[in-house]
Amino acid sequence: MSTSENFTSAKAETAPKRQLERARVDFSSTKTQMLVGAIIICVSCLVAYGQTVLVTFLGQDLTYIQAIAETRHGSFEQLLANPTSFLLIDYLLYHTNTLGFHVSNILLTASCAIVVGLITLELTGRLGNRNGALSAIWAGLLFSVYPLHAQSVAIVSGRIELMASLFYLLSVFLFLRYRLIEEKQYFPLSLIAAALALFISAQSLSLPIVITLLAIHPGRNRFAQAKNAIADAGSCSGLYWLMAAISLVIHPFFLGPVDKKTLLLLFFPINETVTSVGKIVPLILIPLIGALLVLLLKSQIAKLRHNQSVQVATKLRSPSSTITALVLTVWLALAVLPLTAHDSHLFLAAAPFSILIAILTLESGNTANKDAKLLTTCGLLAMSLLYLSWNYLLAINLKPTVEGSQIVENFRRQLINIATVSPNFTLTNWPKSHLGVPLVGSAENIKLFLAPPFIDRDLSQGLVIMKEAPLPLTDNSNVYQWQQAHGVLESVAKAQVPEPFSSKNMVWSAASKPYFIELLKGSEWQLIDSTRQSKDLEVVRRGVPVVSLLQQSVRLWAGDQAAIVWLKDKITQPVLHGDRCILKVRIGSDSASTVELAVRSMSSENSITKLTGKRFGADMYFDLRQSDSYLFSGESQQIGIVVAAGDIVSISKVEFVSLESVGSK
Amino acid sequence: MNVTPQISKLTNSAEPIESSSKLFTALALGAIVLVNLFTFRHCFGGYFLADDFVHIDYLYHAIDQNFMPLLANFWGNWMQAQGTTFYRPLISISLALDYLVGGPNPQIFHISNWLYQTLASCLMFLLAGQLGERFRPGEKALNRSLALACALFFSVYPLHCEVVNWVIARVDSIALVFCLLSFWLYLKSAHDKKNVIYKLSLFAFILGLMSKEMAVTLPPTLLLLYLFSSTKGGLVSGLKETKDFWIILIVYLLFRICVLGTISGGYEGSVGQGLSNSLGKRWLDGSLWRILFPFNIDVFGSKHSLSVQLKAVYVAMLVSFGAALFKPQSRSAALRGLIFAVGWLVLSLLPTYQVWNLTAALQGSRFIYYGTAPIALIFAWLLFPVEARNWPVLSSLRLAASVWFTIILLIITSGNNQPWNHAMREVSLFRKAVVEQALKSSDQHLCLLNIPHTYRGAHMLYNAATMSVLLSKPLTPEPIYPRIISFEPATFGEPDLINISRLRDKTAASALFRWDRNTMTLEPVLFTGERSDLKMPARSISDQTIFISNEMSLDARSPDFIEVLLPLDQVKQSPEAVITLTALAPNNLQCHFSKPLSEATNQGHLRFDVSEHKQWLALGQINQITLAVQGLKPEQTIPIIAINSGSLINQRPIVVSDGKTLIEDGDGICRPKGKMPSFNYDATMVPGAVSVYVEVSKPNSWFEHYSGSFRATSKSPEAQHSHTLGKLKGNGVPITFTGVKGPGFFQMRLAALDQEGKIIGYFSDPLNFQL
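Note that the protein sequences, when read in sequence, are chains W and V.
Going by the numbering used here, the first residue of the first sequence is number 3, and it counts up by one from there.
Going by the numbering used here, the first residue of the second sequence is number -11, and it counts up by one from there.
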């Protein structure tokens, strides 16, 4: 790598007359550049993730913290069962103060980004690099703001991924150091880091392959003269393979296919529940295309120089960036490939991705060349644009977590207040998720809010949680439900005997004409009686939906757009009535078309949820429990039958059926 | 790290350049194989389609029983088929090889098809490199780029889906492989006629001619190359140079006349005549435009955003080529190369003049497969016309455009592949469902309706002949075809038309099932309605309204037509207005018929001949109909006087086989079982009839192909024989009395004549027979 003088200071001279040479920083030194780069990367992380420090415990965090708290009472079982032992130090330092946990997460992310930079430095060194630490710093910076890091960094339990990635990257970096210079101590350190990475996460199973590829990489290293480089590479990566094989005992191996969505996510890393991919395409494509053009231009200039029969001698000895790019692409492919059934994030994949982009765009063999300077400037421009774009997308991706944290905090506060005044109460709903971010998670987590270490005394004993709504309740005076739309935990009004369903025991046909006249009054639907006895209302307006009454059924004709027949029934507190959960619609066993179900609150008619049903013979069954807003909004609900645009369907019966009668269906 | 840069001169020795060239060739060929593998990866799990079945049956009999027909292909008409004249013995040999390896396993056939496409792509790479060298000797880097780009464009060109996915469409890929091989070897031999490579080139050309007629374009292509490449010389010296190829071609043509009796060959009968009649339309309906914008309209819609990107690339290509013309020293080579490529394309299109039919859904894209080789060359040539040594920006942009173009083509090809994958899956599921249903009722016949014909341009099961193979050995171990009654055209034709007399007769005793293409299941068709006439009251409708009938219960087999009675003055006022009749079954299946008012009779009757359409009969029972009109003036209404249904039973004679000497098979074709095949007829039910007029079609021609309907009211000019019978009823009338002779498929139909010899009512439903 490079010179030994990074900070050069003058030696203290004994002669009194001689002045000390002024300390100065040599910015041409790669080490200095990297040090400054590391500081910039830290700052970048702090700025990007600063807003997460106040995020509360979400999802699995509660279980992990509770498990750690158990250790104070001498119970280590849960701690060993959970892979979050690293949180123990945080817990000892900060107890349940989330601020400390998040600062640790940010520092770990910064550490990962710095190691990414160091790996880049090692790789560019092999390419006869003359751009100093430029590519390395940009690789680290890009990694630090990769938008899919949002959940791994902002949620405390993302620590598993951070730690596994840090040890993985450290292992790679230390191995590269070991291969480059005669410092054997790096090899055992790399092995230790690999062992830790493999112990923590199955994602690290790709490590031996990456190490082998890097060992084969014909870089400028101490084994360059070895006669059999491949055998040598095999020998020094053997221990990594052994450790990976041993780690299979801990991690069940699962090789899944990469779906298109994952690949799309890699390039367009956005939480789709917040913003659609289409909106960010130009934001991502412009810098990436810019980087690609720089790369193409670079290759053509190299060809031009080659054609002019002038070649830099070092180029002949050092491998081309193509080989490095190939190694990184394989690493990226391995990182994207789901190695376990639980892989969800692309935290580690961001490392080879960032290095690849930085090296291909910024790596240049000879800065003295005029062309190379121009290319570096263009590359820097593309990198800056990409960094800003990713930063922006990261902010978008972090938003649901920050908002979700406020929702959970609000819920927790109200829950503790209720638990304090009502020793026994039932909870029917809680904040489960927000824009793709898990909030409280499972029902078991709610009880943790009401027990140490999160509060001083245990208030969870009197809490009953309705896991599978609805349950028959005899005394419902102390039933509470979380109304997400209003952000309040509200007492559920006393359940009344529901009014009979208007369509119950009624065949939908011309015989029930008065029912349909009433039902469709004021709606867009046109009603015609098509039975043989009728002689009127046979010409209808084109494009407007029609209800045609037949002898045995009612035929619904949607017009040019999908149409909904809203039933008049007001369904109040369905959460307390098991017989208002499954709706059966009879469409006939050989029906060529089907229907959907629409649900809305009586107060907010524009907010409609659509449900698809399951067909069994002549009937379609709709499970209304799929709709949280139907069960838990606390408002009267209305249901409707949706006919798709241009579709025609005949219905002969619509009725609620009990859960028991549905049985295994 | 301090490394002192050292300047060294590039070595000029030939050895490293040669080895780097070999390495590049190896890497490029590897990449081409991978690209082909990725592009057509889904084809390996496919199934047989359409004509494939005819070949499977042929192979089954040739390999398992008698291989002589396979050899007879070398000295006779391909597959000894009726209705077509081709000389393609090598195709049957290639299919036979696949059959020998894996039996009727479709995977082996699909692997071979993919292999031919990949071989063609690799040869395209080698040939384009040679062609580049021919026009621009010494420009190694440029010619390499040209060759690779050309091969990649060819590999992913979206008009190749039919050839790769449809087993029998290998005809085109095999022919192209041999022609490209011959062309490449010819260039490689450097015109040394004693060279083994040159002899191999001639041999490959012969194999090409034995694969498909398209190979005849090779000698003119070589001549064209001679005229436009850098070699000095005129037409005569060019002919001398390529004389061996011309001699082979002339011998081939003479041989063809001897064994086939024709030079051109192709399709015969009403199919061939239909093709001839629509020649101009097929070439000028925008099909040439589809070569440049190869979007399957059923997949991508009429307008897709990718077409804008394609246009951008084409503009980039033209700009790249235009820029090259400013360079005087390379202008000539660039222009000559382009003219040769365009000439090659024109030559490759010429033999397809008769059959060319590239539809909007890209059906018939196999006819341009050969032409995509010069097309890929044109694109590559436009992008790489000259070396851009001192213009790194230009060369970067050219590379980027090539990659961009390849990706766009790849995306389009992926889309165009989808219908083929779906079609193969659907045929496989159809077979499974029919077999299951047949096994459920092991002693009964099974009537099938709505057999899948095509899917978004992909061929499926066109006729009873293909279905018979699907449901027989070797594809179905327990042959169930003898118990199947189908209503498909005997060879090709309008799939929705049906012989209602036959359906009424067959469904009286056997259950009818329809293939539901949405759910891909076999559903029973229940004729539970009443056999009554329809009479509906008067109503006025406009563009803004729809007439919906009251509920009814009508057996779909009962009425022959539904007639809308309109006031004559309204008909004359808006002749372009279109009336659409929609029928609904209780299960909400629908069918639609549309007719312009101009087709109304002088009495104002607009008649919909519903019973000759499968989509109507598939409803089983009609319980509601609607009527809508479009194209009226604003505020204009049309008073519908009445909507009635009616039967043609008293207006059409009946003609059937006698059931002894002429027996009808499940496919609706009667075949002789004796020396004197005979038929029965009856026209006594037609009031006013005094004699009967008989028409027999030309071989392999079908009357409904010309008229588009079974409801003819006048004599057909396409009839080969016609006679008048004095008796209104006859039994055991020999077919031979009409003068018809085999071999071939024929159609016979009858009409009642009045005293003046005019036709009364309609022609009968036809009697189809094969001699």
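Backbone N, C-alpha and C define an ideal beta-carbon position, used for all residues, glycine too.
These figures come from a predicted structure and were not determined experimentally.
Simplified DSSP state of residue i, which is helix, strand or coil
i: V/Ser456; result: helix
i: V/Pro584; result: strand
i: V/Glu623; result: coil
i: V/Gly325; result: helix
i: W/Cys583; result: coil
i: W/Thr574; result: coil
i: V/Gly720; result: strand
i: W/Ala374; result: helix
Same chain only: Cβ atoms within 7 angstroms of residue i, ignoring 5 sequence neighbours per side
i: V/Asp653; result: Arg659
i: V/Ala304; result: Ala389
i: V/Asp504; result: Glu511
Cβ of residue i within 9 angstroms of any chain V Cβ
i: W/Gln628; result: no
i: W/Thr533; result: yes
i: W/Ser595; result: yes
i: W/Ile282; result: no
i: W/Gln302; result: yes
i: W/Val117; result: no
i: W/Ile139; result: no
i: W/Gln553; result: yes
i: W/Glu540; result: yes
Cβ neighbours of residue i in the same chain (closer than 6 angstroms, five flanking residues each side left out)
i: V/Tyr35; result: Pro94, Met412, Val415 and Ser416
i: V/Gln558; result: Ile626
i: V/Met673; result: Asn638
i: V/Leu175; result: Gln118
Residue i, buried or exposed, once every other Cβ within 10 Å from all chains shown has been counted against 16
i: W/Leu28; result: Note that residue 28 of chain W is Asp in the sequence shown here, rather than Leu. With fewer than 16 other Cβ atoms within 10 Å, it is exposed.
i: W/Ser550; result: buried
i: W/Asp345; result: Since pLDDT at W/Asp345 reaches only 47, below the 50 mark, its modelled position is unreliable, and no value is offered.
i: V/Asn405; result: buried
i: V/Trp63; result: exposed
i: V/Ile748; result: buried
i: W/Phe177; result: buried
i: W/Gln62; result: buried
i: W/His488; result: exposed
Short CB-CB distance (under 9 angstroms) between residue i and chain C
i: W/Asp592; result: Among the protein chains of the structure shown, namely W and V, there is no chain C.
CB contact below 9 angstroms: residue i versus chain W
i: V/Leu572; result: yes
i: V/Ala388; result: yes
i: V/Thr516; result: no
i: V/Pro380; result: yes
i: V/Thr533; result: yes
i: V/Ala616; result: yes
Quick check: the stretch 690 to 708 of chain V against the stretch 585 to 604 of chain V, are at least 3 beta-carbon pairs closer than 8 angstroms? yes
Determine contact between the stretch 421 to 431 of chain W and the stretch 482 to 491 of chain W, defined as no fewer than three beta-carbon pairs at a distance below 8 angstroms. yes
I'd like to know if the stretch 632 to 648 of chain W and the stretch 594 to 608 of chain W are in contact, where contact means that at least 3 CB-CB pairs between them fall below 8 angstroms. yes
Can you find at least 3 beta carbon pairs, one from the stretch 94 to 113 of chain V and one from the stretch 331 to 347 of chain V, that sit closer than 8 angstroms? The stretch 94 to 113 of chain V and the stretch 331 to 347 of chain V do not touch, with fewer than 3 CB-CB distances between them shorter than 8 angstroms.
Could you say if the stretch 96 to 112 of chain V and the stretch 303 to 321 of chain V meet the contact criterion of at least three C-beta pairs nearer than 8 angstroms? no
Stretch pair the stretch 359 to 374 of chain V + the stretch 133 to 142 of chain V: three plus CB contacts closer than 8 angstroms: yes
Contact the stretch 434 to 445 of chain W vs the stretch 393 to 408 of chain W: 3+ CB pairs below 8 angstroms: yes
Three-pair Cβ contact test at 8 angstroms for the stretch 603 to 618 of chain V versus the stretch 720 to 729 of chain V: no
Touching or not, the stretch 308 to 325 of chain V and the stretch 370 to 382 of chain V, by the rule of three or more beta carbon pairs under 8 angstroms? yes
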